[in-house]
Amino acid sequence: MILHAFLIAMVALWLFPLFWAVYSSLRPISDTIQHGSVSWPSNGLSFANYQTVWTQADIPYFYINTLVIVIPGVILTLLLASMVAFCCTQFSWKFNLIVLMLFTAGNLLPPQVIIRPLYWVYLNTPIPNLGSIDIGKFSFALFSDNNLLYDQYIGIILIHVVFQTGFAAFVLSNYMKTITKEITESALVDGANVLRIWWSVILPLCRPALAAMATLLFTFIYNDFFWALVLLKTGDKRPITTALNNLQGEFFVNNNLIAAGALLACIPPILIYILLQKQFVAGLTLGSTKG
Amino acid sequence: MVGVPLTLDLVLIWGPTLASVVLSFTNWDGIGPVTNKNFIGLKNYQFLFSGYTLFWPAFAHNLIWLAWLTFIATPLGMFFAVLLDREMRGARIYQSVFFLPVVLSLVVVGFIWELQFAPTDGFINSVLGISKSSNVIDWLGNPRINLFVALVATSWRHVGYIMILYLAGLKSVDPSLREAAKVDGATQVQTFFSVVLPVMAPINVIIVVVTAIEALRAFDIAFIINQGKNGLELLSILIYSNTLSEASLVGFGSAIAVILLVISLGPIILFLSRAMRTLA
Chain S
6 MILHAFLIAM VALWLFPLFW AVYSSLRPIS DTIQHGSVSW PSNGLSFANY QTVWTQADIP
66 YFYINTLVIV IPGVILTLLL ASMVAFCCTQ FSWKFNLIVL MLFTAGNLLP PQVIIRPLYW
126 VYLNTPIPNL GSIDIGKFSF ALFSDNNLLY DQYIGIILIH VVFQTGFAAF VLSNYMKTIT
186 KEITESALVD GANVLRIWWS VILPLCRPAL AAMATLLFTF IYNDFFWALV LLKTGDKRPI
246 TTALNNLQGE FFVNNNLIAA GALLACIPPI LIYILLQKQF VAGLTLGSTK G
Chain G
611 MVGVPLTLDL VLIWGPTLAS VVLSFTNWDG IGPVTNKNFI GLKNYQFLFS GYTLFWPAFA
671 HNLIWLAWLT FIATPLGMFF AVLLDREMRG ARIYQSVFFL PVVLSLVVVG FIWELQFAPT
731 DGFINSVLGI SKSSNVIDWL GNPRINLFVA LVATSWRHVG YIMILYLAGL KSVDPSLREA
791 AKVDGATQVQ TFFSVVLPVM APINVIIVVV TAIEALRAFD IAFIINQGKN GLELLSILIY
851 SNTLSEASLV GFGSAIAVIL LVISLGPIIL FLSRAMRTLA
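As given, the protein sequences belong to chains S and G, one line each in that order. Offset between the first sequence (1-based) and this note's numbering: plus 5. Offset between the second sequence (1-based) and this note's numbering: plus 610.
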């Protein structure tokens, strides 16, 4: 009884900030100003704040920006990380542990430690400009529209992929090391090449781990703030998290609008959480319980 | 197959790490090439420790951040895990609620808590009835308290994260161990401290590492609240503001990066030594 009372109190405490954000987002600001923020709604609740944010702050546009970064980011990370994990667990070579350590440790570094030299690399690496695909007001640069990595989708995707590969390679290695090496060895004897074994033998066996990692990586990359803050300059290319921060000063003139914007930004991760909670939790714990 | 990812990792992660170390011995301002003339020995470090007024406050804030997570947020997450690790009605719902903030971006977490703590129309001051009075508490602006607002916001997310990690560990404890302890007449508390906790050693290390790394990486929430100024200075913020703002004190900022790197190596090495033992 006491236990449940305690837990229910905690749950209320945990949910309250979210509830409050929802409540604020549904109130017209005139109502809040007149009656104070802690008061019953006198003019009813509405989605007007959401409408304002959605259209005037261009939220759909930033959703698309985010997806353009997150989807390739997740796929490439899984491909590279599974290659690393495959090579480091299915073959015995001299440096496989060291390689794995480099990847894992790299992911544990605070990003700020590397940011300034990375910024330099991004400003000094020539990248071909292959034009862009224009859909409506959305212009997706193929490779680079300024011949740099800086301020480009490709640049921000690249750092996510490299940074997250460190984490994903570690987790996938933990998973793959439970697969017996004999599978790879006998496939090699049968004349299959290494890439083929990776793609059609090992990856299918890792499907649960890959699904868990995909869910987790989606959320990680979606939620990133720092890389996009530094490596993207143009508002046009920013994902929704950094866009929100910019809007805080310019567009979000009141807290009710801020609440609506923040809640819109967290709809995709919350959907993922509701639909794929098992995968998400599995992804987080795969690396820890076996490691 | 390892070549491509490894090259990228070396060029984009480890190369820049080394570059930060080298740059910390220079006065490079980010313009033009680094030449011999730029090397100034340990001057950046000297200034850092004795002249730069923001360094020790930022260092202290990181320490407070670490202490708060270690002694408050992490134990609370572990406590939730222990409570929920049993057959009980609603356990899944409780778990889902505590875990919910973990999926949210720290930017959103920051915004959501600003709505609580905003001085004039935030929930807390309104409920206290001081939002319009002259003794309004400036939760976000007062340098003596805004760090704790950031810590509350960050804990909202950290507790659920730790809870999930710890729950996974608890579930992997062999139930027969507890049975045996019960048969021997141990209380629940005794069983936890002398049977469960020791078996959980590997997960405890992960929890320590996660907590330390989170404290060293802290950036987003402080930046969202006030760009990490006025009471919210952190080492990560000082690196950002020195190397990437208009002042462009790249060499000096890199010295701060090196300090942060050296501190981070502690938990990183602890983690690797554990993890690689099981991977080998």
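Where is the CB? At the ideal position from N, CA and C, for every residue including glycine.
Check	Outcome
When you compare the CB positions of A264 of chain S and L725 of chain G, do they come within less than 7 Å of one another, or not?	yes
So, does the CB of T821 of chain G fall closer than 7 Å to a CB anywhere in chain S?	no
Identify each residue in the segment 31-45 of chain S for which the Cβ-Cβ distance to at least one residue of chain G is less than 9 Å, and report them in chain order.	T37, I38, G41, S42, V43, S44
Considering I740 of chain G, what are the terminal residues of the alpha helix (DSSP H) in which it resides?	From DSSP, I740 of chain G is part of no alpha helix (DSSP H); its letter is neither H nor E.
Under 7 Å between beta-carbons, which chain S residues line up against S846 of chain G? List them in chain order, please.	P115, Q117
Given 8 Å as the limit, is there contact between the segment 687-694 of chain G and the segment 712-728 of chain G, that is, 3 or more CB pairs closer than that?	no
With 7 Å set as the bound, which would you pick, yes or no: does the beta-carbon of A867 of chain G sit closer than that to a beta-carbon of chain S?	yes
If you drop the 5 nearest sequence neighbours on each side, which residues of the same chain put their C-beta closer than 7 Å to that of T71 of chain S?	Y227, P244, I245
Are the Cβ atoms of S90 of chain S and S178 of chain S separated by less than 7 Å?	Checking the sequence shown, residue 90 of chain S turns out to be Ala, not Ser. It is a contact, given that the beta carbons lie within the stated cut-off.
Is P785 of chain G buried or exposed, if buried means 16 or more other CB atoms sit within 10 Å of its CB?	exposed
Can at least three beta-carbon pairs, one atom from the segment 104-122 of chain S and one from the segment 873-880 of chain G, be found at a separation below 8 Å?	yes
Can you look up V614 of chain G in the DSSP assignment and give me helix, strand or coil?	helix
Mind checking whether V286 of chain S and I774 of chain G have CB atoms under 7 Å apart?	yes
What is the DSSP secondary structure of I140 of chain S, reduced to helix, strand or coil?	strand
On the premise that V118 of chain S lies in contact with A683 of chain G, defined as a C-beta separation below 8 Å, what is that separation, rounded to the nearest angstrom?	With 8 Å as the limit, A683 of chain G and V118 of chain S do not qualify as a contact, their Cβ atoms being about 24 Å apart.
Bridge partners for N366 of chain S per DSSP, in chain order?	Because chain S here runs from 6 to 296, residue 366 of chain S falls outside it and cannot be looked at.
By the criterion of Cβ-Cβ separation under 9 Å, what are the contact partners of T627 of chain G in chain S?	G111, L114, V118, I119, P122
Is there a Cβ of chain G sitting closer than 7 Å to that of I263 of chain S, yes or no?	yes
Check distances from the C-beta atoms of the segment 685-704 of chain G to those of chain S and list, in chain order, the residues that come in under 7 Å.	L693, Y704
Just the C-alpha distance for A629 of chain G and F665 of chain G, rounded to the nearest angstrom, thanks.	21 Å
Residues in its own chain within less than 8 Å of T801 of chain G by CB, not counting five upstream and five downstream?	R788, A791, K792
Would a check of beta-carbon distances place Q798 of chain G closer than 7 Å to chain A?	Within the model displayed, chain A is absent; protein chains S and G are what it includes.
Relative to the C-alpha of S855 of chain G, which candidate in G:D639, G:G613, G:L618, G:V631 has its C-alpha closest?	G:D639
Look at the alpha carbon of Y68 of chain S and the alpha carbon of E187 of chain S, and state the distance between them as a whole number of angstroms.	45 Å
What are the boundary residues of the alpha helix (DSSP H) that includes E255 of chain S?	245-255
Is there a Cβ of chain G sitting closer than 7 Å to that of S51 of chain S, yes or no?	no
In chain order, what residues of the same chain have a beta carbon less than 8 Å from the beta carbon of L163 of chain S, not counting five sequence neighbours either side?	L154
Ignoring anything shorter than 4 residues or poking outside the segment 64-120 of chain S, list the alpha helix (DSSP H) runs there in chain order.	64-95, 101-113
Using CA atoms only, rank isn't needed, just tell me which of G:S846, G:S765, G:E843 is closest to A677 of chain G.	G:S765
Evaluate contact between the segment 167-186 of chain S and the segment 221-239 of chain S, counting only Cβ atoms and requiring at least three cross-stretch pairs below 8 Å.	yes
To the nearest angstrom, how far is it from the Cα of N54 of chain S to the Cα of A763 of chain G?	24 Å
Any Cβ of chain S within less than 7 Å of the Cβ of S660 of chain G?	no
Please list, in chain order, the chain S residues whose beta carbon lies closer than 8 Å to that of W766 of chain G.	W19, P22
Hey, is P273 of chain S's beta-carbon within less than 7 Å of any beta-carbon in chain G?	no
Do we get a CB-CB distance below 7 Å when we pair A778 of chain G with the residues of chain S?	yes
Within the continuous alpha helix (DSSP H) that includes R212 of chain S, where are the two ends?	212-228
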